[in-house]
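Heads up: the protein sequence lines correspond to chains C and R, in order.
The first sequence begins at 3 in our numbering and counts up one residue at a time.
The second sequence begins at 43 in our numbering and counts up one residue at a time.
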Amino acid sequence: MMKVVEKINSQASCGGIPVSKKQAYQPSFSAKANPKDLQKELHALMPSSLKLMNKLAKNMGEIQNIVFNALATGLVAPIFIKWNPLSKTDEDTRTYSAWRQPISAVLAVVTQAGITAPFNTLINNMANSGYLGEKYNKSAIRDDNYIEKLIKKESPNITKEQLKKKLITKKAEQTQDILTSLRSKNTIMLKNYKGETVPMSKSEYKNLLIETVEGIISDLEETKKELETKSKRRKARGEYLRTHNKEAKKVLEEINEELQKPNSLKEFKSYLSKKIKNLRSSKANPELIQMVKEVAGRAPATRQHDKATDNAIIKAMRGKVTKMLGHTERYGNTKTAKEVIEAVNNSIKGQFDAVKESKEFFDSIKKAINENSITLAEIEKRIADKFGASKNELLNKNFAVEVVEKLKKNITNNLKGFKQIAGVIVSCAILPFTCALLNWVYPIFMDAVFPNLSNKKHDNEASALVAKAPKKVEVKQ
Amino acid sequence: MSAIGRYTEKALDVLIKKPLKSLSELKPMDYVCKKYRANKRNFISGLGIASIVIKDGLGCYFYVNQSMHNEKIPEDKRKFVAALDLANGGLMIAMQILMFKTVSNKIVQSKMFEKMFGKHFDRAARKGYQSIIKGRERFRTLPEDQFKKGMDGIKETTFDAFANITSLIAATTVGKRVIVPFIATPLADKTKAWMSRNDKPVQINKDTENNYSTEKPAAEICKPQKQNIITNIYPKNSGLKI
């Protein structure tokens with residue numbers, strides 16, 4: 003979902019298409035913040051360890067992986083061959099064998115960077131151009147890299163800034179085209195291997211719609227499971243608050259009083275961690291300890307420690323305690339365990355009903371798709387009629403966007419499977435050459451650089467020794 | 043386009059692109075894609091392991107075979123090089139399967155990730171981050187689901203990075219380049235002995251019979267300070283008439 007939404011939102015913020023068109027095609031996203039901005043803001047908040055991890059992820063491409071692997075082969079492995087305390091083979095032979103590793107590492111970089119990496123790029127290009135089979139056809143949702151390549155081909159002298167702008171425009175057009183095609187033609191237009199624009203095959207399209215609906219149903223089932231967990235948790239908490247009401251109220255009121263003081267976040271955090279320790283040492287009820295932990299957990303690890311951030315965290319902590327005090331009050335008024343269960347069931351019933359209704363609705367949509375009796379535009383109309391007024395994103399789906407997102411996911415997964423099989427075939431095909439190359443280069447390298455370990459010196463040294471060695475006959479005389 | 047360019051394009055088309063297209067349209071590929079789309083872990087892992095066994099097994103065969111017959115490698119070292127290739131190949135397959143099932147396994151990795159970074163993404167931390175974000179002017183009206191998607195996105199990227207790095211360090215470096223050669227080298231001694239088990243004793247031809255004294259190495263005899271004492275190389279009580 004993220005990427006397509008991102009695209010649509012970036013269109014909204016960058017103005018790639020006229021406002022009237024934007025409103026017509028993205029009604030439910032127009033008022034939202036840009037997800038890219040949100041992620042940037044969240045990244046800035048997260049602790050350094052996570053930032054480092056993300057930085058590494060950004061910089062670790064295929065080539066970096068190959069080089070890292072080669073460095074490990076060339077520099078680490080020989081150490082464990084040459085200086086291996088467990089081996090009984092003479093050191094010369096081990097040294098000779100150890101040198102095979104760096105040579106094979108260099109050759110691996112050459113062959114992998116020269117064959118494997120371009121091979122993956124080739125498959126991606128074939129998928130983007132529509133040359134591969136329909137299951138891998140990305141021509142309607144091309145990657146940024148491929149679009150950039152096409153732009154550069156069209157305008158070779160384009161500047162970086164112009165390229166950036168053009169990419170945004172092209173992406174907006176691409177999203178626009180696929181959404182229009184889905185809504186007005188009830189299909190997706192693809193480029194085939196001849197470069198012709200053709201509609202996606204009916205069976206593939208139908209399958210895509212069904213899988214999209216199945217995805218929505220599976221999300222709803224997941225939500226139902228989460229609600230069940232929530233209900234269980236609430237019942238346990240409610241029962242604790244009913245049976246230990248005074249204890250909970252006393253601790254929460256103490257915390258509330260402390261949090262109202264004009265202290266710093268650091269002081270509050272230290273107060274809460276001391277409180278948790280005290281509760282643990284006094285063997286307090288685990289549910290109560292968990293409650294205090296939840297309050298302390300409102301202060302996540304952040305890199306930003308400005309006043310606004312600290313105040314927001316303090317506000318969240320105070321809010322959590324107030325909410326818990328409200329629960330303490332509510333469940334304190336219940337008399338029996340049955341009453342607690344009823345209260346919890348009533349508090350969560352609305353959400354359960356919404357999920358159930360939504361699931362039934364999408365089941366009926368799936369049935370209609372299977373019977374070929376509904377188009378995408380009709381599905382969207384039925385969703386709008388049924389859930390249009392709801393603010394719940396779970397119910398008010400932008401179905402066309404969901405379909406595009408599913409298509410993207412499907413192609414990515416199909417390509418993973420394809421690359422796995424094709425990769426094995428290509429690797430096996432080039433293996434005889436890489437082996438032959440290593441066997442050719444290795445002795446030549448050793449003769450040239452380490453003649454004392456290879457035949458070169460061996461021959462010379464042997465013949466010199468032979469010439470000088472005493473013969474038995476000479477000795478006997 | 044130049045003639046060379048045209049021929050290269052044609053060769054690429056006939057030798058690589060067309061076979062790849064045909065492969066993509068094969069019926070069994072539909073089955074593979076279906077399993078990948080449904081994220082069937084057993085099938086995906088099985089295929090991954092099969093690829094390792096095929097690639098590394100074939101590679102091992104080629105390396106051993108070519109090393110054994112490579113006359114440019116000194117004869118005394120040839121068998122050890124081949125034995126090391128064989129031990130390395132076998133252990134590499136075993137190690138990769140082990141890594142595939144442990145450190146490089148998505149389920150294991152996600153457990154490790156939860157242990158190390160889970161606290162930054164649990165419910166309480168999310169609520170904390172959400173309240174900070176909502177404190178910012180431009181995110182004041184941010185819907186819950188959009189915040190959830192943002193956090194999920196960061197978790198996903200961080201997890202991918204974590205998975206890549208643990209695989210790279212644990213599997214690629216420690217597993218394949220430290221543990222495998224450490225075990226493979228002494229194992230190669232045994233493999234070499236096993237490879238030589240059927241070697242027949244060399245028939246000595248009378249023309250090439252070694253008639254040199256082998257009681258003391260020639261290199262020692264030829265050391266400068268001993269060059270003039272050839273007659274003293276045997277102990278006095280050896281019984282030999284000098």
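Beta carbons are placed, not taken as given, at the ideal position from N, Cα and C, and that holds for glycine.
Shown here, C:P201 sits in a strand according to DSSP, grouped into three states. DSSP, reduced to helix, strand and coil, places C:M62 outside both helices and strands of the structure shown, so it counts as coil. When 8 Å is used as the limit between beta carbons, R:K69 is near no residue of chain C, the shortest such separation being about 11 Å.
Distance from the CA of R:A129 to the CA of R:D118, rounded to the nearest whole angstrom, comes to 18 Å. Taking 8 Å as the cut-off, the beta carbon of C:R144 is found no closer than this to the beta carbon of C:N127. The bridge partners DSSP lists for C:K193 are C:T199.
Residue state for C:D145 is assigned as coil, using DSSP reduced to three classes. In the DSSP annotation of this structure, the continuous segment of the alpha helix (DSSP H) that includes R:T227 starts and ends at 222-237. Closest in C-alpha terms to C:I105, from the list C:F121, C:K166, C:F447, comes C:F447. Residue-level contact by beta carbon fails for C:Y242 and chain R, as no gap is shorter than 8 Å.
Interface with chain R (8 Å Cβ-Cβ cutoff): C:R384 is excluded.
In the three-state scheme derived from DSSP, where H, G and I count as helix and E and B as strand, C:P264 is classed as coil. With a cut-off of 8 Å on Cβ pairs, the stretch 230-247 of chain C is not in contact with the stretch 309-322 of chain C, counting fewer than three such pairs. If you look at C:Q114, you'll find it isn't in any alpha helix (DSSP H); DSSP assigns it neither H nor E. The criterion of a C-beta distance shorter than 8 Å is not satisfied by R:L68 and C:I125. When secondary structure is reduced to three states using DSSP, C:Y333 falls in the helix class. Under the three-state reduction of DSSP output, C:T161 falls in the coil class, being neither helix nor strand.
The beta carbon of C:R236 sits closer than 8 Å to those of V346, S349, I350, all from its chain and outside the five residues before and after it, given in chain order. As the crow flies, the alpha-carbon of C:P80 is around 41 Å from that of R:V56. Taking 7 Å as the upper bound on Cβ-Cβ separation, chain R lies near residues L433, P434, C437, A438, N441, P445 of the stretch 431-454 of chain C. For C:Y133, no alpha helix (DSSP H) segment is defined, and its DSSP state is neither H nor E. Proximity of R:R239 to chain C, defined by a Cβ-Cβ separation below 8 Å, is not satisfied.
By the criterion of at least three beta-carbon pairs nearer than 8 Å, the stretch 157-167 of chain R is in contact with the stretch 188-206 of chain R. In this structure the stretch 120-136 of chain R touches the stretch 225-237 of chain R; the number of beta carbon pairs closer than 8 Å is three or more.
Per DSSP, reduced to three states, the secondary structure at R:A80 is coil, with no helix or strand assignment. Its Cα nearest to that of C:V451, the residue C:T97 stands out among C:I367, C:I376, C:L290, C:T97.
In this structure, C:K173 sits near C:I149, with a CB-CB distance shorter than 8 Å. If you check the CB distance, C:G135 and R:S209 do not come in under 8 Å. Residues I218, I385, F389 of the same chain have their beta carbon placed closer than 8 Å to that of C:K399, with the five preceding and five following residues left out of the count. Between the beta-carbon of C:L433 and that of R:F104 there is about 6 Å, and that keeps the pair under the 8 Å contact cut. Per the C-alpha coordinates, the member of C:I212, C:Q176, C:P120 positioned closest to C:F401 is C:I212.
DSSP, reduced to helix, strand and coil, places C:M48 outside both helices and strands of the structure shown, so it counts as coil. For a cut-off of 8 Å, the C-beta gap from C:V357 to C:T225 is around 5 Å, short enough to register as a contact.
With its beta carbon at least 8 Å from every one in chain R, C:Y273 lies outside the interface. Membership of C:F364 in the alpha helix (DSSP H) is indicated by the continuous run 339-372. Residues of the stretch 174-195 of chain R with a C-beta atom less than 9 Å from some C-beta of chain C are I174, I175, K176, G177, R178, R180, F181, T183, L184, P185, E186, D187, Q188, F189, K191, G192, M193, D194, G195, listed in chain order.
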